[in-house]
Amino acid sequence: YLSNPVRAMAQQKLTQDDLLSFDARGQVTLLHFTDVHAQLMPIYFRPPDTNIGVGDYAGIPPHLVGEAFLKEFGIEAGSPLAYAHTFLDYVDLARAYGRLGGLDRTATLVKAIRAERGEDKVLFLDGGDTWQGSYTSLKTNGQDMVECMKLLKPDAMTGHWEFTFGEERFLEIIESMGYPFLASNIFDAEWDEPAFDNTAMFERGGVQVAVIGQAMPYTPIANPRWMFPKWSFGIRPDVLQANVDAAREAGAEIVVLISHNGFDVDRKLCSVVKGIDVILTGHTHDAVPVALQVEDTLVMSSGSHGKYLGRIDLEVSDGKVTGYSSKLIPVFSDVIAPDAEMAAKIGEMRAPYKDELGRVIGKTDSLLYRRGNFNGTWDDLICRGIMEERDTQIALSPGFRWGTTLLPGQDITIDDLYTETSMSYPAVYRNEMTGAQLKEVLEDVCDNLFNPDPFLQQGGDMVRVGGMTYTCTVNAKIGNRISDMTLAATGEPVDPDRSYVVGGWASVNEGTEGPAIYDLMESYISGKGTVSVPDERTVKVIA
Amino acid sequence: MSAAPKPRVKIPKKAKAGETVVLKTLISHEMESGQRKDKDGNPIPRKIINKFTCEFNGQPVFSCDIDPAISANPYFEFSAKVNESGTFKLTWVDDDGSVYTDEQTIEVA
Amino acid sequence: FVPALQLLPGRAVAATEEVGKLIADFAGGKEPQSGKLTLTAPEIAENGNTVPISVEVESAMEGDDMVDQVLILADGNPSADVATFAFTALSGKAAATTRMRLARTQNVIAVARMADGSVYMDKKEVKVTIGGCGG
Ligand SMILES: [Mn+2]
Ligand SMILES: [Mn+2]
Chain A
1 YLSNPVRAMA QQKLTQDDLL SFDARGQVTL LHFTDVHAQL MPIYFRPPDT NIGVGDYAGI
61 PPHLVGEAFL KEFGIEAGSP LAYAHTFLDY VDLARAYGRL GGLDRTATLV KAIRAERGED
121 KVLFLDGGDT WQGSYTSLKT NGQDMVECMK LLKPDAMTGH WEFTFGEERF LEIIESMGYP
181 FLASNIFDAE WDEPAFDNTA MFERGGVQVA VIGQAMPYTP IANPRWMFPK WSFGIRPDVL
241 QANVDAAREA GAEIVVLISH NGFDVDRKLC SVVKGIDVIL TGHTHDAVPV ALQVEDTLVM
301 SSGSHGKYLG RIDLEVSDGK VTGYSSKLIP VFSDVIAPDA EMAAKIGEMR APYKDELGRV
361 IGKTDSLLYR RGNFNGTWDD LICRGIMEER DTQIALSPGF RWGTTLLPGQ DITIDDLYTE
421 TSMSYPAVYR NEMTGAQLKE VLEDVCDNLF NPDPFLQQGG DMVRVGGMTY TCTVNAKIGN
481 RISDMTLAAT GEPVDPDRSY VVGGWASVNE GTEGPAIYDL MESYISGKGT VSVPDERTVK
541 VIA
Chain B
1001 MSAAPKPRVK IPKKAKAGET VVLKTLISHE MESGQRKDKD GNPIPRKIIN KFTCEFNGQP
1061 VFSCDIDPAI SANPYFEFSA KVNESGTFKL TWVDDDGSVY TDEQTIEVA
Chain C
2001 FVPALQLLPG RAVAATEEVG KLIADFAGGK EPQSGKLTLT APEIAENGNT VPISVEVESA
2061 MEGDDMVDQV LILADGNPSA DVATFAFTAL SGKAAATTRM RLARTQNVIA VARMADGSVY
2121 MDKKEVKVTI GGCGG
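Chains as they are written, first to last, in our numbering: chain A, 1 to 543; chain B, 1001 to 1109; chain C, 2001 to 2135.
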């Protein structure tokens, strides 16, 4: 598409200087980078078309998509920001503006901002979900990301999927990486005592800044607890309040929370815990163009997959934030010059796997994307693959929010396949479940997504279902949200008392047996040659 | 039962007179509830720790009557007000009649 | 994400009448009041096999202002009984923590009986989930 005239024009308009332009102010600059999910290279990532907020959080950021999003943030349709933040005209705009992200581009931005402000004013914080999500991160147990992140010199990090490398590997990395892993909310499961450092103090621009970490509270539920059995998580607002108070006591003028709670959990946290000046939030992968003020706290949510770098400048006096400016910088990869040092490191990390990464296993005729509350064509494809390769009536694919996008006409490489499936518990199981059990599973997952109390939300999307359609009444209570479960093949209602053969992947149960999802999908896609997945909405949503 | 139940405790070694200190106790025990069945469908008999007590210098501090809903490796955390130096005696009573004990001294200034 | 079917229903659960009777017997005829007693439990259990629960009763723990016992019940387990804590003046503070099994989403109930015979109650619902997916 290099000869695409629209793209050429689009890029003429946009420059690295435009992306970096910022109303610099105050003594402290915070840079927020989160949920890159091991994407070292630039990617396409189609933003969701469905992102439903419930209760008090319905219809407000980050639960705005498409036109409503553009309107809320005053963004012009068809503009670079419209492309970065919405699904509108996605394919055309993707062809015009190109990929986003790439850690070498992020490195350029971070270095430029450190140079502009002076290193002594900048804190660079990593929100986690950094090590998991690619072929090379799976093969190197996250070492590729560790090596590359070291070059960005983060001041601290917290995490979530990091734990799925298992306790031993997790500890090995955090001891070697050269900056603190912070988690106020992880306790030793045996003695109920803090398991990690919770706070790190920094002086930036003459201001004492306390950075507190908050790991994903539901990691042992959303991911396999048996991989890190010694640790107990949870939100623990009382513990957090005590740590905030202790930080102030120790001389902190401002308190920053680097959080993997997810947006709505952190929005509620602003009214529950007092004395936090800024929350840099991750996990729900919401990209909000500016920091939002919630009660007395600024909340910045910097997206995912390396698409953005969050920046917030703070003016501090008398232990208070007295002024700020903020911006989510979209990392347009064709516009930003790659940082040579990082580019070389990425090349070095990928070199041993070059042939395999580039191996083409098929081609897609249609847009393959994942993000959305109920459906995504990548997961539709995965469900088809599971049903066919494991001969099941129904398939379940977890509502992960990581995984990137392929445009119609693109080849599917091993690199692309692992971007959707790379994980440390990949077995595709094949079970019998009754209709009643299936309903129970859907109700349970749905309540973890749409419970009106954000503290009961776990931050993923709805489990994807193949072979079956249903209706979801979002605002009903648990047990009443799922109805009209119907077998797609026959149009028959799902019988609560009958057994169905169900396949799925990413079970959190120890000892789950079956082929790995990436092997199964390689076989399925290779067999098809070219795939075409219509954007069918098999779930009827009543919001 | 794989191994003999083994108590482990975390109790401060020193305190000020009149201070209320926190005691944490664990004992390795499977706490077989009596509600489970084996592979052949026969009920597995109940075998739990049914009582835990803590005394200080022979006086009762805290105790707990325990039902099968308490988790394996029972954990108890509670307080004690110490006015003089002395010895905590912790006792766990098993359904099978076994009694497991642990003693810890504390120096009170 | 995953189906952890052992948590799904089909097992007997403690009847409401059983819970009511256990509370009445413990309360010795007194009507439980709210206040003074706080039961702390997670909103979502990380692991239904070991759910931390804590109780704390406002009390000087000396003279007449003394907590005798705190009863813990769960209304969705095969049997409602969980444990009974007994405190003394040497406890210093009427507070204790233990870990319990929850077969499914249900209420955990704590009832405190004071030395003067008055009775306080607190209740928390704990959700036991098969787990989600994640961002
Ligand atoms: Mn996450
Ligand atoms: Mn993430």
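Ideal placement from N, C-alpha and C gives every residue a C-beta, glycine not left out.
Distance between beta carbons of A/G74 and A/L314, contact taken as under 8 Å:
Their Cβ separation, rounded to whole angstroms, is 23 Å, which puts A/L314 and A/G74 out of contact at 8 Å.
Please name the residue in B/T1105, B/V1099 and B/K1014 whose C-alpha comes closest to that of B/G1086.
The shortest Cα separation from B/G1086 among B/T1105, B/V1099 and B/K1014 belongs to B/T1105.
Beta-carbon within less than 6 Å of A/D277's beta-carbon, same chain only, minus the 5 sequence neighbours each way: which residues are those?
Hits under 6 Å: I254, V255 and V321.
Less than 8 Å between CB atoms is the rule here; does A/W161 satisfy it with respect to chain B?
No - not a single Cβ of chain B is within 8 Å of the one on A/W161.
Tell me which residues of the region 1029-1062 of chain B have at least one Cβ-Cβ distance to chain C shorter than 7 Å, keeping chain order.
Using a CB distance below 7 Å, the part of the region 1029-1062 of chain B facing chain C consists of Q1035, F1056, Q1059, P1060, V1061 and F1062, ordered along the chain.
Strictly below 8 Å CB to CB, what residues from chain C border B/P1074?
Those within 8 Å of B/P1074 in chain C are T2098 and R2099.
Whose C-alpha, out of B/E1019, B/A1003, B/P1005 and B/K1010, is nearest the C-alpha of B/V1108?
Ranking the options by Cα distance to B/V1108, first place goes to B/E1019.
Separation of C/A2045 from C/L2005, as counted between CA atoms
For C/L2005, the predicted model reports a pLDDT of 39, less than 50, meaning its position is unreliable; a value from the coordinates is still stated below. C/L2005 and C/A2045: Cα-Cα distance of roughly 16 Å.
Using a beta-carbon distance below 8 Å, is A/W191 in contact with chain B?
Put simply, the CB of A/W191 is near chain B, with a gap under 8 Å to one of its CB atoms.
Can you tell me the Cα-Cα spacing of B/T1053 and C/S2091, whole angstroms?
Here the C-alpha atom of B/T1053 lies approximately 12 Å from the C-alpha atom of C/S2091.
In three-state terms, what does DSSP make of A/T136?
Helix at A/T136.
List the endpoints of the continuous beta strand (DSSP E) containing C/A2074.
Bounds of the beta strand (DSSP E) holding C/A2074 are V2067 to A2074.
What first and last residue would you give for the beta strand (DSSP E) that runs through A/R204?
Note, A/R204: beta strand (DSSP E), T199 to R204.
Just verifying my parser: in three-state terms, what is the DSSP assignment at A/P493?
In this structure, A/P493 counts as strand in the three-state DSSP scheme.
Where does the unbroken beta strand (DSSP E) through A/F124 begin, and where does it stop?
Element bounds for A/F124: V122 to D126.
Could you tell me which residues DSSP puts in a beta bridge with A/Y418?
A/Y418 is not bridged to any residue.
Below-8 Å beta-carbon distance, B/M1001 vs any chain A residue:
Residue placement at B/M1001 cannot be trusted, given a pLDDT of 47 that sits under 50; what the coordinates show is reported in the next sentence. The Cβ of B/M1001 sits no closer than 8 Å to any Cβ of chain A.
At a cut-off of 7 Å, is A/H260 close to ligand 1 when judged by its beta-carbon and the heavy atoms of the ligand?
Yes; taking the cut-off as 7 Å, the Cβ of A/H260 has a heavy atom of ligand 1 nearer than that.
Have a look at C/P2078, C/L2037, C/D2064 and C/K2123 and flag the residue whose alpha-carbon is nearest the alpha-carbon of C/R2104.
With distances taken between Cα atoms, C/R2104 lies closest to C/P2078.
Residues that C/N2107 contacts on chain B, provided the C-beta gap is smaller than 7 Å:
None at all; the shortest Cβ gap to chain B is about 13 Å.
Write down every uninterrupted run of the alpha helix (DSSP H) in the region 2095-2125 of chain C whose length is 4 residues or greater and which is fully enclosed by it, in chain order.
Within the region 2095-2125 of chain C, no complete alpha helix (DSSP H) run reaches 4 residues.
Out of B/T1101, B/S1079, B/P1043 and B/I1044, point me to the one whose CA is closest to B/K1089's CA.
It is B/T1101.
Between C/D2068 and C/L2037, what straight-line distance do the alpha-carbon atoms span, to the nearest angstrom?
Rounded to the nearest whole angstrom, the C-alpha separation of C/D2068 and C/L2037 is 13 Å.
Span of the beta strand (DSSP E) around B/I1027
Annotation: the continuous beta strand (DSSP E) that includes B/I1027 extends over E1019 to I1027.
Starting from the beta carbon of B/I1106, find every residue of chain C whose beta carbon is closer than 8 Å, and list them in chain order.
Among the residues of chain C, none has a CB under 8 Å from the CB of B/I1106; the nearest is roughly 13 Å distant.
Check whether the region 303-317 of chain A and the region 325-334 of chain A are in contact - that is, three or more C-beta pairs closer than 8 Å.
Pairwise C-beta distances place the region 303-317 of chain A in contact with the region 325-334 of chain A, as three or more of them are shorter than 8 Å.
Would you mind listing the alpha helix (DSSP H) stretches within the region 249-290 of chain A that are 4+ residues and don't spill past its ends, in chain order?
Assignment of alpha helix (DSSP H) within the region 249-290 of chain A, counting only whole runs of 4 or more residues, yields 263-272 in chain order.
Under three-state DSSP, which class holds B/W1092?
Note: B/W1092 maps to strand in three-state DSSP.
Per-residue DSSP class, three states only, for A/M387:
Correct three-state label for A/M387: helix.
What separation, rounded to the nearest whole angstrom, lies between the Cα atoms of A/T421 and A/Y44?
Each residue's alpha carbon lies about 16 Å from the other.
Pull out every residue of the region 2047-2060 of chain C whose Cβ sits closer than 9 Å to any Cβ of chain A, in chain order.
Identification of residues in the region 2047-2060 of chain C having a C-beta nearer than 9 Å to some C-beta of chain A yields N2047, T2050 and P2052, given in sequence order.
What does DSSP give as the partner residue(s) for C/I2044 in the beta ladder?
DSSP, once it has assigned bridges, lists C/K2127 as partnering C/I2044.
Applying the criterion that 16 or more other CB atoms from any shown protein chain within 10 Å of the CB defines a buried residue, is A/M201 buried or exposed?
By the neighbour-count rule (16 or more Cβ atoms within 10 Å), A/M201 is not buried but exposed.
Any beta-carbon of chain C closer than 8 Å to the one on A/I186?
No, A/I186 does not count as interfacial toward chain C.
Can you find a heavy atom of ligand 2 that lies under 7 Å from the Cβ of A/R25?
Checking the Cβ of A/R25 against ligand 2 gives no.
What residues in its chain sit with their C-beta under 6 Å from that of A/L438, if we drop five residues either side in the sequence?
No residues qualify anywhere along the chain.
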